[in-house]
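Chains as they are written, first to last, in the working numbering: chain A, 1 to 280; chain B, 1 to 308.
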């Protein structure tokens with residue numbers, strides 16, 4: 001599901017050539033058929049539960065247009081899907097047994113990968129990006145509340161030295177090591193806070209590891225993120241050529257979609273804005 | 001057949017298990033020859049079979065401390081082919097890192113295996129099928145597993161010898177978390193944590209039990225594992241036909257008491273042998289290679305009295 005949504009997003013992203021209309025329409029129809037009655041999208045068609053792919057599918061459909069109702073239903077599901085760690089019982093357990101194990105504020109909730117589990121950095125970032133893509137009139141009051149809470153959660157989950165891992169910045173008092181994916185997604189989602197020291201420190205970390213990246217998906221994501229913040233990075237296409245000459249890549253549509261998004265944004269100058277939207 | 005045909009039985013009904021400890025001081029020696037000699041002793045039923053190796057690849061790690069070393073993966077693959085396996089593929093679904101390709105390229109896995117396109121499967125992105133779990137240790141009743149895993153005739157768990165900040169240790173049974181696909185459950189597969197790490201380990205291994213386990217302990221990890229601990233050169237490969245017995249032996253080599261490790265104690269009830277008298281020891285003895293591992297304060301209770 002997520003792969004199709006990313007592929008659609010890549011195909012409709014601004015680029016010199018027009019999008020392949022028929023392919024995009026088929027992707028849209030497939031996504032619409034796969035939407036569950038509660039508005040969510042499962043990981044695969046027919047699975048009994050919605051998941052994080054709901055944000056990616058909703059955003060792709062919104063950007064393509066012509067699926068307003070489906071987008072609204074996806075938005076509704078996301079806004080009412082609360083991660084499980086914030087209940088009074090869980091917070092009491094955390095305070096009693098785990099507060100010295102993981103150092104994070106569980107009252108700050110974003111979004112989970114799957115229902116019934118905790119908030120994590122990447123799914124939270126995907127929903128924030130989706131919310132940012134929507135015009136304000138489409139957003140109910142709950143969206144503002146959840147966005148503020150999720151942004152605070154992301155800052156709370158930042159690794160002490162900058163950057164993000166999946167979502168445990170401190171375990172047994174030891175600072176977590178940032179990972180590229182969560183760092184790039186969190187930075188893209190927190191685009192409205194470019195001037196904050198934590199953001200700049202995280203960008204410094206990402207810039208520092210950029211030359212060590214061996215996977216095309218990570219390279220594209222890092223390039224997209226650094227470009228969005230105006231950091232100078234080497235052109236993406238030659239770097240991908242170099243990786244391809246040694247790796248040959250796996251057959252991975254999601255990777256190709258992320259690469260296309262990064263290349264298209266580079267060509268069109270349509271890098272995701274860092275100055276808009278985020279509500280303080 | 002690995003999936004759903006392994007026997008769940010109490011220790012008194014189960015025949016003794018076999019575990020071999022092989023000394024190897026570095027990754028540069030002829031690991032293929034060492035493993036071939038050791039594995040021939042087991043007379044494994046792999047001729048004509050589709051073998052799947054499940055290493056522990058966590059994140060890009062140029063130092064070679066976190067992940068199963070690619071030299072071990074390559075040597076195991078070569079050995080199973082020499083033993084007559086029809087095919088030997090490698091599959092992994094990292095828990096926290098979505099860019100599996102980035103991990104295997106950082107490891108230079110292709111240098112040890114050859115072109116990866118047809119050999120390596122990203123289990124996080126494979127086609128999945130819902131499988132009812134054979135035990136109910138956790139609240140999970142069903143898990144989606146990758147097709148590559150379900151279609152394998154013979155599964156070999158290939159973990160690293162490491163401590164783990166949630167489970168105490170991560171060895172061949174915990175390594176099977178990596179067959180649970182991220183495309184269904186995310187990165188990390190948080191549903192397993194919420195269902196309980198130990199119960200989830202039991203349910204996964206009761207349903208898709210590794211047929212064989214080979215633990216890379218040439219350089220292990222102690223302290224704050226599985227990613228932030230310190231390298232621990234232990235100079236051993238520990239292998240056997242019962243993953244519970246292999247993990248118990250690893251724990252003893254690490255100076256830990258296996259009966260005090262939650263998931264392992266429970267695994268000893270139905271999945272394999274924990275007690276040394278039920279484990280036929282081949283190769284080196286535990287005592288001769290014992291290398292006590294440092295553990296986090298929360299896991300001091302696991303440490304054997306004579307290893308403190």
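Cβ atoms here follow ideal geometry from the backbone N, Cα and C, with glycine treated the same way. It should be emphasised that the depicted structure is a prediction, and the values quoted were computed from it without experimental measurement.
Taking C-alpha positions only, residue 168/A is separated from residue 104/A by approximately 7 angstroms.
Between residue 64/B and residue 112/B, the CB-CB gap reaches or exceeds 8 angstroms.
Straight through space, the alpha carbons of residue 259/A and residue 266/A are spaced by roughly 11 angstroms. Below the 7 angstroms Cβ cutoff, chain B contributes no neighbours of residue 155/A, its closest Cβ being approximately 20 angstroms away. With 16 or more other Cβ atoms inside 10 Å of its own Cβ, residue 164/B counts as buried. Taking a Cβ-Cβ cut-off of 9 angstroms, residue 183/A has no neighbours in chain B, whose nearest Cβ is about 12 angstroms from it. Contact annotation for residue 52/A against chain B: 186 [CB-CB distance below 8 angstroms, chain order]. Shown here, residue 256/B sits in a strand according to DSSP, grouped into three states.
Only exposed fits residue 88/A, as fewer than 16 other CB atoms lie within 10 angstroms of its CB. Residue 215/A reaches chain B at 99, 101, 102, 105, counting residues in chain order whose Cβ is nearer than 7 angstroms. The DSSP-derived three-state label of residue 144/B is strand.
For residue 5/A, the closest C-alpha among the options 14/A, 36/A, 47/A, 55/A is that of 55/A. In its chain, beyond the 5 residues on either side, 68, 69, 72, 160 have a beta carbon closer than 6 angstroms to the beta carbon of residue 216/B. In this structure, DSSP gives residue 281/B an extended state, which the three-state scheme calls strand. The straight-line gap separating the alpha-carbon atoms of residue 192/B and residue 170/A is approximately 20 angstroms. No Cβ of chain A is located within less than 8 angstroms of the beta carbon of residue 300/B. Put simply, the CB of residue 117/A is near chain B, with a gap under 8 angstroms to one of its CB atoms.
With a threshold of 8 angstroms between beta carbons, residue 262/B makes no contact with chain A. Runs of the beta strand (DSSP E) spanning 3 or more residues and lying entirely within the segment 98-127 of chain B occur at 120-122, in chain order.
Taking 9 angstroms as the upper bound on Cβ-Cβ separation, chain A lies near residues 59, 60, 62 of the segment 33-65 of chain B.
With the rule of 3 Cβ pairs closer than 8 angstroms, the segment 289-304 of chain B counts as touching the segment 249-265 of chain B. A Cβ of chain B is located within less than 8 angstroms of the beta carbon of residue 172/A. Note on geometry: alpha-carbon atoms of residue 161/A and residue 174/A lie some 11 angstroms from one another. Interface annotation for the segment 118-133 of chain A against chain B: 118, 120, 122, 123, criterion Cβ-Cβ distance under 9 angstroms.
Note: residue 177/A is not bridge-paired with any residue in the DSSP secondary-structure output. The DSSP-derived three-state label of residue 244/A is helix.
DSSP places residue 163/B in the uninterrupted beta strand (DSSP E) bounded by 160-164. Only exposed fits residue 8/B, as fewer than 16 other CB atoms lie within 10 angstroms of its CB.
For residue 221/A, DSSP assigns no beta-bridge partner whatsoever.
By alpha-carbon distance to residue 22/B, the top candidate from 234/B, 138/B, 157/B, 56/B is 234/B. In the three-state reduction of the DSSP assignment, residue 154/B falls in the strand class.
According to the DSSP assignment, residue 72/B belongs to no beta strand (DSSP E) but to the alpha helix (DSSP H) extending over 70-82.
Flagged as an interface residue toward chain B: residue 218/A, by a C-beta distance shorter than 8 angstroms.
The beta-carbon of residue 55/A is placed no less than 8 angstroms from the nearest beta-carbon of chain B. The beta-carbon of residue 252/A is placed less than 8 angstroms from the nearest beta-carbon of chain B.
Between residue 114/A and residue 49/A, the beta carbon gap of about 7 angstroms places them in contact (Cβ cut-off 8 angstroms).
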